[in-house]
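Worksheet for the structure shown next.
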Amino acid sequence: MFVRLNQRGATLPLTIIVIAVMAVAVAISFHRLSSERNVTGDGQAQVEAFAVAQSGLNAYLEGLSGMPATSHDTTITGLSGGTAQVSLRRLKDSVMTTSLIPAVFIITSRGLNTTAKRFGARTPPAERTVATYAQWVPAPLDLKAAFTSLSGLDKNGNSGALDGNDACAGSGQPAIPGVAVPNGMYTGQTNPINGNPDNTPVGIGTPGPGGTAKDAVGIDWQGITNGTVLPAHYLYPTNPWPTAAQFAGWPVTRVNGNLSLPGSGKGVLIVTGNLTLNGAVSWDGLVLVGGTLTSNGNNTINGAVVSGLNVKLGVAVPQTAVGNGTKTFQFHSCNLTRALGRIGSIQRIRNGWTDTWSSY
Numbered sequence: 003m004f005v006r007l008n009q010r011g012a013t014l015p016l017t018i019i020v021i022a023v024m025a026v027a028v029a030i031s032f033h034r035l036s037s038e039r040n041v042t043g044d045g046q047a048q049v050e051a052f053a054v055a056q057s058g059l060n061a062y063l064e065g066l067s068g069m070p071a072t073s074h075d076t077t078i079t080g081l082s083g084g085t086a087q088v089s090l091r092r093l094k095d096s097v098m099t100t101s102l103i104p105a106v107f108i109i110t111s112r113g114l115n116t117t118a119k120r121f122g123a124r125t126p127p128a129e130r131t132v133a134t135y136a137q138w139v140p141a142p143l144d145l146k147a148a149f150t151s152l153s154g155l156d157k158n159g160n161s162g163a164l165d166g167n168d169a170c171a172g173s174g175q176p177a178i179p180g181v182a183v184p185n186g187m188y189t190g191q192t193n194p195i196n197g198n199p200d201n202t203p204v205g206i207g208t209p210g211p212g213g214t215a216k217d218a219v220g221i222d223w224q225g226i227t228n229g230t231v232l233p234a235h236y237l238y239p240t241n242p243w244p245t246a247a248q249f250a251g252w253p254v255t256r257v258n259g260n261l262s263l264p265g266s267g268k269g270v271l272i273v274t275g276n277l278t279l280n281g282a283v284s285w286d287g288l289v290l291v292g293g294t295l296t297s298n299g300n301n302t303i304n305g306a307v308v309s310g311l312n313v314k315l316g317v318a319v320p321q322t323a324v325g326n327g328t329k330t331f332q333f334h335s336c337n338l339t340r341a342l343g344r345i346g347s348i349q350r351i352r353n354g355w356t357d358t359w360s361s362y
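With positions in the sequence shown counted from 1, the corresponding number in the working numbering is that position plus 2.
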């Protein structure tokens, strides 16, 4: 006998179950979509943060106009997408031998992406840090001796010193020649010449505008006289003679024409004409003279001197004269480093860039 069961009310529970299953499926799909969206957004934000960090690093390097300090931190704003926190640390100081060995730095840039769309209220702005090793390459200096003269040199008397022994305490640098001149262009006493060799000037080639000595001194005098190399911080007498506070920055001081040195100073002194030293004036750093250098009195130059540079421009320059008196022309690598350290360019070290620099 067939018994018909009562199935009234079975459809509702089944419908509820189907709706629940569909709701779970929709929730799972939504969660998956939301996760994918967050992952994609985070990835995009990281890419943009990387671009901000790299842009900040480039902007910082382009803005350097002198040798960086030992330590420097700054924030670069105005970047597309955010800001960058740039930190520079000097790892090694520059050293002066017969040429300058550049200082080495590490520069990091942490990019903060403030414009990326974030889908989580608690998700912080994306950050990315890049870093590069760099070196400050000073302006080149072809240093032949403590005193180099392309027009020759006459030393009157045995007093004083033309000394190629490094006066920078603890530098460990070897001695250089005390005097370098064109062949046969040194006259007078040789006893004041110290260094390597001792009591002997070094010949650097044949004299005059048509000789080879002018090419042995690798100084771009044409560029210097044009102002494109070693641009001046102070132009005298157009500007007043720098003060002691200004000289503390080891600037480039330039004189177009002749100069009787009005006082002691530091840095790079450029004289396109003739230079006369009287009394007890002194100079720490580099002295470049187009014409002759005449030394009277008890002058002192701690660094290096190159005179007669107008020979490189095809001009015949008379012999430089160093007269009587206790005068000292002393090679000093530390003073040369200070004088030339501000002048140069920052250059990245090849294969010295990374985007995996740890930041906290």
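Cβ atoms here follow ideal geometry from the backbone N, Cα and C, with glycine treated the same way.
Predicted model only: the values in this text are computed from it and were never measured.
Does DSSP put residue i in a helix, in a strand, or in coil?
i: residue 86; result: strand
i: residue 16; result: helix
i: residue 108; result: strand
i: residue 226; result: helix
i: residue 311; result: helix
i: residue 275; result: coil
i: residue 80; result: strand
i: residue 61; result: helix
i: residue 292; result: coil
i: residue 75; result: strand
i: residue 22; result: helix
i: residue 45; result: helix
i: residue 286; result: strand
i: residue 219; result: coil
i: residue 231; result: coil
i: residue 100; result: At residue 100 the pLDDT is 48, less than 50, meaning the model places this residue with poor confidence; the figure from the coordinates comes in the next sentence. If DSSP states are grouped into helix, strand and coil, residue 100 belongs with coil.
i: residue 247; result: helix
Spatial neighbours of residue i within its chain, please: C-beta separation below 6 Å, excluding the five flanking residues on both sides.
i: residue 268; result: 249, 252, 286 and 287
i: residue 263; result: 279 and 283
i: residue 182; result: 146, 147, 150, 204 and 206
i: residue 21; result: none
i: residue 223; result: 311 and 314
i: residue 323; result: 156 and 296
i: residue 16; result: none
i: residue 220; result: 144
i: residue 95; result: 105
i: residue 277; result: 261, 291 and 295
i: residue 357; result: 132
i: residue 86; result: 54, 55, 58, 78, 111 and 113
i: residue 190; result: 156, 157 and 158
Enumerate in chain order the residues of its own chain whose CB-to-CB distance from residue i is below 8 Å, with the five nearest sequence positions on each side excluded.
i: residue 359; result: 110, 131, 132 and 133
i: residue 233; result: 254
i: residue 70; result: 90, 92, 107, 138 and 348
Would you kindly work out how many angstroms separate the C-alpha atoms of residue i and residue j, rounded to a whole number?
i: residue 354; j: residue 106; result: 11 Å
i: residue 100; j: residue 336; result: Note on residue 100: pLDDT 48, under 50, position unreliable in the model; the coordinate value appears next. Cα-Cα distance, rounded: 12 Å.
i: residue 115; j: residue 92; result: 27 Å
i: residue 258; j: residue 305; result: 22 Å
i: residue 25; j: residue 14; result: 16 Å
i: residue 88; j: residue 78; result: 7 Å
i: residue 80; j: residue 211; result: 53 Å
i: residue 188; j: residue 171; result: 30 Å
i: residue 274; j: residue 239; result: 13 Å
i: residue 237; j: residue 246; result: 16 Å
i: residue 333; j: residue 339; result: 12 Å
i: residue 198; j: residue 62; result: 43 Å
i: residue 243; j: residue 271; result: 12 Å
i: residue 46; j: residue 53; result: 11 Å
i: residue 30; j: residue 68; result: 59 Å
i: residue 64; j: residue 228; result: 24 Å
i: residue 265; j: residue 83; result: 53 Å
i: residue 51; j: residue 74; result: 22 Å
i: residue 179; j: residue 169; result: 13 Å
i: residue 72; j: residue 321; result: 43 Å
i: residue 226; j: residue 218; result: 17 Å
i: residue 352; j: residue 60; result: 15 Å
i: residue 195; j: residue 301; result: 16 Å
Kindly list the residues whose CB is nearer than 7 Å to the CB of residue i, restricted to its own chain and excluding five residues on each side of it in sequence; keep chain order.
i: residue 281; result: 299
i: residue 48; result: 128 and 130
i: residue 139; result: 104, 346, 347 and 349
i: residue 208; result: 184, 185, 214 and 215
i: residue 108; result: 91, 93, 133 and 135
i: residue 193; result: 160 and 201
i: residue 318; result: 210 and 211
Between residue i and chain C, is any beta-carbon pair separated by less than 9 Å?
i: residue 194; result: This model lacks chain C altogether; it includes just one protein chain.
Do the segment 307-326 and the segment 335-352 touch if we need at least three Cβ pairs shorter than 8 Å? Contact annotation: the segment 307-326 does not touch the segment 335-352, with fewer than three C-beta pairs closer than 8 Å.
Ignoring anything shorter than 3 residues, give me the beta strand (DSSP E) runs that lie fully in the segment 146-203, in order along the chain. List check, beta strand (DSSP E) in window: 149-151, 155-157, 163-165, 181-183 and 188-190.
At a cut of 8 Å, does the segment 157-164 reach the segment 322-336 through at least three beta carbon pairs? Touching, per the Cβ criterion.
With three or more beta-carbon pairs closer than 8 Å as the criterion, would you say the segment 151-159 touches the segment 171-180? No, the segment 151-159 is not in contact with the segment 171-180.
What ranges does the beta strand (DSSP E) occupy inside the segment 296-359, keeping only unbroken runs of at least 3 residues that lie completely in it? For the segment 296-359, whole beta strand (DSSP E) runs of length 3 or above, ordered along the chain, are 302-309, 322-324, 330-333 and 346-356.
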